[in-house]
Each structure stands twice: as structure tokens, then as C-alpha cells.
Amino acid sequence: MSIFESTKQRFFGQILLSMKLPSLIPAIAADLARGDCAVVQLVSTSEAMLDRALADLSPEERAWLDIELSPREFLVDYLTAAFPVRQMRTYTDDSGTVRSEPMIDEAGQPVLCREAMAMRDQLLEQLCALPVVGSALDHIIGHFGTEAVAEVTGRSRRIVVDADGRQRIERRSARTNLAETDIFMRGEKRILIFSDAGGTGRSYHASLDAPNQSRRIHYLLEPGWRADAAIQGLGRTHRTHQACPPLFRPVSTDCRGERRFISTIARRLDSLGALTRGQRQTGGQGLFDPRDNLESDFARESLDQWFRLLFQAKLQSVHFDQFQALTGLNLAGEGGGLTETLPTIQRWLNRILALRIDLQNAIFDEYLGLIEARVEKAREAGTLDLGVETIAADRISILDRTVIRRDPVSGAETEILRIETEERYRPLTLERAHWLLADPEARGLINPRSGKAAICRPTFSLTDEEGRTVRRCELVRPTRTERHRQDLFAETHWTDVDRASFDEAWQAECDAMAAQTRTQIIYLVTGLLLPVWGKLPDDHVQVWRLTSDDGQSLLGRLIPAPLVERIASAFGIAAHVEIDLGARVEHVRTSGEIMPIGALRLKRALVAGDQRLELLDWKPEALPHLKAAGCFTEIIQHRTRLFVPPSRALEILARITD
7 MSIFESTKQR
17 FFGQILLSMK
27 LPSLIPAIAA
37 DLARGDCAVV
47 QLVSTSEAML
57 DRALADLSPE
67 ERAWLDIELS
77 PREFLVDYLT
87 AAFPVRQMRT
97 YTDDSGTVRS
107 EPMIDEAGQP
117 VLCREAMAMR
127 DQLLEQLCAL
137 PVVGSALDHI
147 IGHFGTEAVA
157 EVTGRSRRIV
167 VDADGRQRIE
177 RRSARTNLAE
187 TDIFMRGEKR
197 ILIFSDAGGT
207 GRSYHASLDA
217 PNQSRRIHYL
227 LEPGWRADAA
237 IQGLGRTHRT
247 HQACPPLFRP
257 VSTDCRGERR
267 FISTIARRLD
277 SLGALTRGQR
287 QTGGQGLFDP
297 RDNLESDFAR
307 ESLDQWFRLL
317 FQAKLQSVHF
327 DQFQALTGLN
337 LAGEGGGLTE
347 TLPTIQRWLN
357 RILALRIDLQ
367 NAIFDEYLGL
377 IEARVEKARE
387 AGTLDLGVET
397 IAADRISILD
407 RTVIRRDPVS
417 GAETEILRIE
427 TEERYRPLTL
437 ERAHWLLADP
447 EARGLINPRS
457 GKAAICRPTF
467 SLTDEEGRTV
477 RRCELVRPTR
487 TERHRQDLFA
497 ETHWTDVDRA
507 SFDEAWQAEC
517 DAMAAQTRTQ
527 IIYLVTGLLL
537 PVWGKLPDDH
547 VQVWRLTSDD
557 GQSLLGRLIP
567 APLVERIASA
577 FGIAAHVEID
587 LGARVEHVRT
597 SGEIMPIGAL
607 RLKRALVAGD
617 QRLELLDWKP
627 EALPHLKAAG
637 CFTEIIQHRT
647 RLFVPPSRAL
657 EILARITD
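If you want my numbering, it's the position in the sequence shown, counting the first as 1, plus 6.
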């Protein structure tokens, strides 16, 4: 790679970093106010700009430094040398192919195009008029000061600004990184910035042996193309023997193409999880959202669907011919159809990065909407693999053990544990609610019927099978979060209120929930799982980890209560489980399996695109009584079908069974 090419990438990388700073610096300040520590990860810090700036200074100018550390002059040199200004001529070769070649005059000198030279000069003029694009490292140090920021980057020199506003060069020895790390681990500095050069062989986690045991908020500011280096940096703050795990925050801009870098890291984490857990399909260890991996099965299926929608002219962002012309991808096959060998997702992503930002964002919004739709369906069906997660509760008690299999060779047992968990509600504080409401697109709501408060803000949109964008909103409640379609949410009873009414309702619900606890019974299949894996249900395949009150560490799969008897009977074991009505209804809603409810049966039915709860085996003479209990009917294909409103399902079904 030439010096001009590397400089161009560094310049636009600095632009992306400068776009992140307006939100990054207030976030770091908020972390410090909460008592946390901030760790910022960069890819590299080059001293080439400083060296070149110092080389051009006279002795008098060195006495009063006024250096602009920006790759702008490198980019100017790149444009001056690489901008195409040669005049070209076209000709036809012996085979009849039209080709082009640079023109030269009679003296053998190259002929320059005046129009291209004017375009180059205009671009240089606009470039030199842009404000200075400095480095994120210097911005953070300049804002918080060297007394608050520990820098572990390997720089031998840096520019610092004194209290009187004068610049001076501060030299740093090879031991500076060790000293800065020690100062951070002692808690004397609560902000740490490290790069690849400063992240090797060092630990910045909340070690139990270090005085500074505050939670680390790890900002991944520059994902970069090397996923292994980024993952190694993430491991600097997350290690064993720590007081608390860190909170990772990958920082990105509104430029959707930057998701390409996050995707590379998410894919590598998936691969790392597969190696450590000994299986091929695995989640990204919970660090990234499944939609962040743009090279997963969901992403590849969504890309195929995106190509089909593009060919069918159902997308709003770009047309078929326009996309081919802009990206250089040939998607048309013989006979006027879509080619069978579609571009790979890596090739498609690289071509998307070359488009203008507005078009790039529009295409990515549609594509990410397709991924979101598939992820949501997999999550609802229980087939989304999120890796191993921990059940955290205030009390975890093992009530009963049932051995369903004992290995004839090793003697290892497979058990079904009946476990009772008790957990206190931890509502979202009013202070955190105010932080969410600071978003201009967020608004406070109150439901007049229940008197409850919520925050409504936009969230990921979906793209349906016809290429239509389905806008959604996120409803943040003190104890949970829900997502609704915007067109359907407008028909609900939630209304906008003033800040005082919102604060009163929100705080009242927080006070009421803070003293309450939630108790539930769960069933965990643990022990030797591999021989019995095929007899366990195909949905909800996630593996969970928990530690009981008596210190037992368990790893296994959660199974719904209605399936316990069936799984035990498959191994010739009799197990009786008391299943309440709520567990039966929830199992029907999540799995789609038909469950008995008294003398009737309850099933999940898809009607007009909506999931409903339908009652089966009812007698015609009982129809008036069932409707009086709250059920409603609908004639579909000349047959009367009986449904239960989901919002009142427990109340109505309890009335029917009684």
C-alpha cells in the first residue's frame, strides 16, 4: 500500500473519529460521575504527522509552537499526485474492442485535461477550507487533562497544552506505559486510553488485588479491520479474579458502512465461542447483538432476499440498473433473470462502502431490517443461539432432583432439577429515565387506564417479504422493554404528558416495585447432556449457567414445565409436575404446542398476520357461556372459530376451567 493510500484511509478514519467525539466525551463524563472508570481502545497512534510538522518549523517557530496535527497535507499531496488529469483518447483495436490510452503531444509530453485540473483545484480548495480534524486521543486528553487521563499508546512524544494555552512537546520514555498503567490501577487516574502498541501484555481489569476496583466502561472507538487485535484489546479489561465485569460499548457513527468493522469482530467472536465450546454454531458470547454479525446465516439469507427484492423493483433505496452501475456488480443472468451466482456478502459490503453516505444508509436500513425480522422470528421461536448466559437471582434453591439417565460406562448422571428462584425487581431509576428522555426523539407517556409511565423512542425497523419498511418504536417501562409497530401503537391508550406528571408516575411505580420480589419455578436438565440432547425439545436450545445457594455450580438447558413429564417418560422415569395455568398459556404462546385447558385444548393460531390463542373441542351449546366469559368468535372459511384475547387470557381461562 502506498503512502498516499494509507494517508487517505487515516484521514477519513480521523473524520469518523471526530464524528464520535461529541457523544463520547459526555458519556465518559457521565461514567466518571457514577464512580466508574473509562477505558478507550484505539487501533494505533502514528507520530508521522508530528514528525513532519516539527521538521517544517524554523527555530523561532519552535519557541512558540502552533502545530496543526491533521493528515490534511498528506491528503493534499495524495490528490495532487493521484487525481486523474491526463487526457485520454479512445481507439478500436484489431479485435474490434474499444479501448482508451493516455494522450501525448508531438514533443512526447503528456496532454492534460483542463476540465479535470479545474475539478482537482476546486476539490483542493474545499479541502483546505475544512476545519482541522484532530485525533481522538488528543481531543480526550485536551478535554479532561493529562492529570485525569492515563495514556498507554507507546508514543515517544506528544503535544500538550499548558494552563496559559501554549503548546509544548512532552517526551515519554519506554517506562511511561508501565507508570501510567500503575497509576490507573491505583485509581489516581480514572480514564485510560490504550492502543495496540500499549495493549500487549497488560491488564486493565477491576482486579481484586488492585486498589481501583471500579467498573470499567470499555469504549471500542476504532474497531479496525483486524478483528483479532480488537478482541485482544477487549480481553484487557475482562479477566478472571475481577471485582466486576466490564461494560463494553462499541462506538459507531450514523454512517451505516461502519457496521462492516463491527461485523468482522462479531464474526470472530462467534468463531472463538465455537472453538471454546466445542460446537459449530454458537452465539457471540453476548457481547454483540446477533444483528451485528453481517456474515451470519441470518445475514446471508437476508442478502439473498435483498437481491430478489432489488430485482423485483420492490426496494425504495435504489433501482436494479442503478445499483449495478454504481457498484460494478453484474446481477443480471442469461434470459433476463437474476444470476445464479450472486455476490458474496463480503464483496457486497465492500462495494456498498464506496457509495454516498445517504444512499449507503438507505440500503443498509433495508438490509438490516431484513436481518432484524429474521432475528426476531428466531428469538420468538426459541431457536436464536445467544451463547451461555447466567441466571442471576437473589435466591436459587434446588427443590427436587430426578435422575433420568446414568451412563453405563462412566456412571455420569443426567438430571432434571426443579429449582425455585427469587429475584427482587430492579426498576429503572428516574435519573436514568431522564437520561433516555434527553434524546430529541424520545417522549414521556402515561397510560390513563393503568396510570403507568413509559418512554417511547424509535428502534430498529423491520423489512417485510415485500420490501416494505415496518417502522417500530420501543416502549421502555421501569421493569421491562417492549417493541411495537408504530401504526398499531398509535391505536393504544398511551398519551403524551408533561415532565412533572411523568416523573410522579414513574417514581410511584419504581417505589412500588422496589419492595416486591418475583418467585418462579424452573426446570433445568443438567449433567451429561450430549447423549440426551436429541430427546430434548428443538426450540429454546440456549445453555444456562447458575450457582445455587449451597454453592453448587450448574450448567444445563431450561425446559418448559409442561414438557418435564414427557421428557422423563421418554427415559422410563415417572415424574409428576404441577403446572399452573399461566405456565400452560405461556408454553402455548412461545412454542405453538397444543395444551389441555380443562376439558378444552388451547393452541396458537396465526390469523391475518396476528398471533392468537384459539380454543378447541368446545361444544356448540356451550358457545354462549364461553362468549360470556370473554371469548370472541370469528367465521373463517365458513367455520366458527373461538379465540381468547391475549391480554385477558389468564382471567378468562381461569373462569372457564372453574
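Ideal Cβ positions, reconstructed from N, Cα and C, are used throughout, including at glycine.
| Item | Value |
| --- | --- |
| Burial state of P651, where buried means 16 or more other Cβ atoms lie within 10 Å | exposed |
| Residue of L648, Q366, L300 and T246 minimising C-alpha distance to R380 | L300 |
| Segments of 3+ residues assigned as beta strand (DSSP E) that fall wholly inside the region 435-490 | 449-452, 459-464 and 478-482 |
| Endpoints, the alpha helix (DSSP H) within which M191 is located | T182 to R192 |
| DSSP bridge partner residues for M94 (one or two, in chain order) | P108 |
| Nearest-angstrom Cα separation, counted from I402 out to W512 | 30 Å |
| C-alpha gap between F649 and I268, whole angstroms | 45 Å |
| Alpha carbon of P464 to alpha carbon of C479, nearest angstrom | 4 Å |
| Anticipated Cβ contact below 8 Å, R92 with L118, distance rounded | 7 Å |
| Nearest-angstrom beta carbon gap, A154 and K195 [assumed within contact, 8 Å] | 6 Å |
| Residue from E382, T86, L481 and A249 with nearest C-alpha to M123 | T86 |
| Exposed unless 16 or more other CB atoms sit within 10 angstroms - verdict on M191 | buried |
| Residue environment, N218, which counts as buried when at least 16 other CB atoms sit within 10 Å | buried |
| Beta-carbon separation (whole angstroms), G450 vs A459, contact threshold 8 Å | 7 Å |
| Exposure label - A655; buried when at least 16 CB within 10 Å | buried |
| Same chain only: Cβ atoms within 6 Å of I147, ignoring 5 sequence neighbours per side | V155 |
| Beta-carbon gap between V46 and L227 smaller than 9 Å | yes |
| Selected residue, minimal CA-CA separation from Q318, among V158, P90, I422 and E471 | E471 |
| Test item: CB-CB of H224 and H247 under 9 Å | no |
| Nearest candidate by alpha-carbon position, reference D493, set L481, T485 and R477 | R477 |
| Sub-9 Å separation of R661 and Y529 beta-carbons | no |
| Spatial distance of Y431 from V594 (CA atoms) | 26 Å |
| 4-residue-minimum alpha helix (DSSP H) runs that sit fully inside the region 313-339, ordered along the chain | 326-333 |
| Cβ-Cβ separation, R314 to L344 (assumed contact under 8 Å), whole Å | 7 Å |
| Close beta carbons around V104, own chain, < 7 Å, minus the five adjacent residues each side | T96 and T98 |
| Through-space distance from P630 to L561, alpha-carbon basis | 50 Å |
| Coil, strand or helix - I268 by DSSP | helix |
| Close-in-space but distant-in-sequence residues of the same chain around E657 (CB under 6 Å, 5 per side omitted) | none |
| Own chain, CB closer than 6 Å to R2, minus 5 neighbours either side, in chain order | With the chain represented from 7 up to 664, any question about residue 2 goes unanswered, as that position is not in the structure. |
| Cα-Cα separation between F254 and P446, rounded to whole angstroms | 25 Å |
| Nearest-angstrom Cβ-Cβ length linking E157 and I189, presumed shorter than 8 Å | Contact flag wrong, Cβ pair sits at about 10 Å. |
| L118 in three-state terms, based on DSSP | strand |
| First and last residue of the uninterrupted beta strand (DSSP E) at Q617 | D616 to L622 |
| Start-to-end residues for the alpha helix (DSSP H) that takes in H244 | That residue, H244, is in no alpha helix (DSSP H); it is neither H nor E in DSSP. |
| Proximal residues to L376 (C-beta, below 7 Å), its chain only, five neighbours per side dropped | S308, Q311, W312 and T469 |
| Residue from R262, T487 and L619 with nearest C-alpha to D364 | R262 |
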